[in-house]
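Note sheet for the following structure.
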Amino acid sequence: MIDWKEVTEFLRIVGELKRVSRSGWLKAGIRPESVADHVFRTTFLAMVYGDLKGLDSEKMMRMALLHDLPEIITGDLRPEEKTAKLREEEYEAMKKILSYLPRGLRDSYMKTWREFEEGTSQEAKLVRELDKLEMAMQALEYQQEGYKKERLEEFLIYAKAHIKNPEVKKVYKLLESLAKEIHH
Numbered sequence: 164m165i166d167w168k169e170v171t172e173f174l175r176i177v178g179e180l181k182r183v184s185r186s187g188w189l190k191a192g193i194r195p196e197s198v199a200d201h202v203f204r205t206t207f208l209a210m211v212y213g214d215l216k217g218l219d220s221e222k223m224m225r226m227a228l229l230h231d232l233p234e235i236i237t238g239d240l241r242p243e244e245k246t247a248k249l250r251e252e253e254y255e256a257m258k259k260i261l262s263y264l265p266r267g268l269r270d271s272y273m274k275t276w277r278e279f280e281e282g283t284s285q286e287a288k289l290v291r292e293l294d295k296l297e298m299a300m301q302a303l304e305y306q307q308e309g310y311k312k313e314r315l316e317e318f319l320i321y322a323k324a325h326i327k328n329p330e331v332k333k334v335y336k337l338l339e340s341l342a343k344e345i346h347h
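Okay, structure coming up:
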């Protein structure tokens, strides 16, 4: 029997992601988007890329929706902050958040999240890159809003270094050319 009170509590907790700020933007002195904002567009990227490439887009969307869920508890961690200890804390946070769901669902979501974290499938590898592409897209939007390129450069460099998929790389290069147009 489904415990709807527990499921409702899970859904309430998920909503807290709307109040977690993206720490990289904060550190750069930029009005930050929320982690939920980032997850929203990453999920759309996953759906579109998955559908265009004939991959399991539903699985990719699940990965995108789940990938930053632990940040409800841990806060948004920048890549350089992710030590083995903090990765373990993320795992424990994910277990705690998913504990409100029935076992089958909990296990399924945890498996999907781990697959993303470990990059063990074609879909997971692509969603990991789309996560970086979304950050680059946000940096471009901040540039369009008038934030200085110098504040945003580290994000673009990081994204570029982690994008290997040819199609994702192509879109990244389009973003780069748009960014150059903004400054000319």
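To convert, count from 1 in the sequence shown and add 163; that's our numbering. Where is the CB? At the ideal position from N, CA and C, for every residue including glycine.
So, helix, strand or coil for residue i, using DSSP?
i	result
S340	helix
S271	helix
S262	coil
S184	strand
S197	strand
D214	helix
D149	Residue 149 is absent from the structure shown; the chain starts at 164 and stops at 347.
G178	helix
Y310	coil
D239	coil
L232	coil
P329	helix
I165	coil
H347	In this prediction, H347 scores a pLDDT of 48, lower than 50, which makes its location untrustworthy; the coordinate-derived value is nonetheless stated afterwards. H347 falls in the coil class under three-state DSSP.
Any C-beta of chain C sitting closer than 8 Å to the C-beta of residue i?
i	result
K288	In the structure shown, chain C does not exist; there is a single protein chain.
Give me, in chain order, the residues of the same chain whose beta-carbon lies closer than 6 Å to that of residue i; leave out the 5 immediate sequence neighbours on both sides.
i	result
A227	T205, T206, A209 and V290
G213	S220 and M223
K332	I326
Under 7 Å: does the beta carbon of residue i sit that close to some heavy atom of the ligand GDP?
i	result
F173	The ligand GDP is not part of this structure, which contains no ligands at all.
Can you find the residues in the same chain that come closer than 7 Å, C-beta to C-beta, to residue i, ignoring five residues on each side of it along the sequence?
i	result
P265	I165
M298	F318 and A322
K181	S197 and A199
With a Cβ-Cβ cutoff of 8 Å, do residue i and residue j count as a contact?
i	j	result
L341	T275	no
V211	S197	no
L303	L338	yes
For residue i, which residues from the same chain have a beta carbon less than 8 Å from its beta carbon, with the 5 sequence-adjacent residues on both sides left out?
i	result
H347	At H347 the pLDDT is 48, less than 50, meaning the model places this residue with poor confidence; the figure from the coordinates comes in the next sentence. If we look at H347 and ignore the five residues flanking it on each side, it has no Cβ neighbours.
Check: Is the stretch 214-225 touching the stretch 271-290, taking contact as three or more C-beta pairs under 8 Å?
Finding: Enough Cβ pairs lie closer than 8 Å, so yes.
Notebook entry, point to check: When the Cβ atoms of the stretch 313-330 are set against those of the stretch 179-199, are three or more pairs found closer than 8 Å?
Noted result: As far as the Cβ criterion goes, the stretch 313-330 touches the stretch 179-199, which means the pair count is three or higher.
Check: Between the stretch 255-274 and the stretch 167-175, do three or more beta carbon pairs fall short of 8 Å?
Finding: Verdict: yes, contact present.
Check: Does the pairing of the stretch 175-183 with the stretch 229-246 give three or more beta-carbon distances under 8 Å?
Finding: Touching, per the Cβ criterion.
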